[in-house]
Structures are given as structure tokens and as C-alpha cells.
């Protein structure tokens, strides 16, 4: 069940900009809040305990409550900023309190990492922090000053393309680092 809820949140996140763009003419912001809030609440109640899971869900639920309370179309556009901020917080806090998020992910596949890999995963976590900061700032700028079509294009396509590019570049660099080790 928790995997299904996680998949629902992932799909909601991926489709959210398009749902906002095309759905604002047919649905009220409180209805978006109800759907998102239901997914986040279900995740908090049924999901396995992951680092940051509870506080991230709590922050998302507060956002959904405010969205429902104010029923503001402008507030709908802040969700991608919220998600980038949550991810920046999660990755950044993992650098401080360890182990870094990328190291945690790497250890799922390789439980024993050499020292060079531990250093490397810390650096990659820092790069992801920079990405989430950049992404959040761009999303905030578009929320404040750009038309809805630009906001939708960036948050629905360009941001995911940039993530894919970052994954691809990191994979190529990782192959070089592994070759040296």
C-alpha cells in the first residue's frame, strides 16, 4: 500500500504543473489541496519511516491546509518551490548529520564503500543541494513574475530535463571515478 501511495505522490508531483495549468479552469485550489493533502497524509500514516519523512509530510500538509483555507490560485504555483526546498533541506541536513543522502543511496546497492566513494558521494550530495537551490529559486521567480505557461514549461518539463542531465553527467563522472579506484 505504501508503494502505491508513494507512486501516487510521484505521479502527482510529475503531473502537478500540467494539472494546475489545465485544471485551474475546472477545479478550485481547495480541490488540489484535498488531493495532495490526502496523498501526503496517507504517506505519513502508512509509509515506512525514512529520513525526513515525517517532517516533510507535516510541512506539505501545512501547505495543503493553507491552500485549502485561502483557496488561492496563486498559492497553487508555490508547490514546486516547496518540494525543492524540502529536498534541499533533506540533502543539506544529511551533509550535517550524515551520512550524506547519496551515500545512503549508494549503500543500498553496495553496503561497503571504499573511502574514495564516501568522499565522492558527499560531493555529489553537495551538487544536488546546489541543484535544488537553483531549481527552487527559478521556480519561485517564475511563480512571482512569469506567466502560467512559462511556469508550467519549466516545472513540468525543463526542471525534469535538468535533473536527467545531472543524473547523466554524474553517471559519466562516476564511471571515471570507479576506473581510478
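In my numbering, the protein residues as written are 135 to 315.
Glycine included, C-beta positions come from ideal geometry on N, C-alpha and C.
Original post:
What do you reckon, are the CB atoms on residue 222 and residue 263 nearer than 8 Å?
Top reply: yes
Taking residue 285 as part of the alpha helix (DSSP H), name the residues at either end of that continuous run.
282 to 287
*asked:* As a quick exercise: from 304, 237, 241 and 265, pick the residue whose alpha carbon is nearest that of residue 220.
replied: 265
Between the Cα of residue 250 and those of 140, 314 and 143, spot the shortest distance and give me the residue it belongs to. 314
Contact belief for residue 224 with residue 235 at Cβ below 8 Å, rounded distance in angstroms
7 Å
Answer with buried or exposed for residue 218, where buried requires no fewer than 16 other C-beta atoms within 10 angstroms of its C-beta.
buried
Check your understanding: Contact check, residue 155 vs residue 282 under 8 Å by CB: the rounded distance?
Key -> 6 Å
Going by the CB atoms, is the gap between residue 256 and residue 237 shorter than 8 Å? yes
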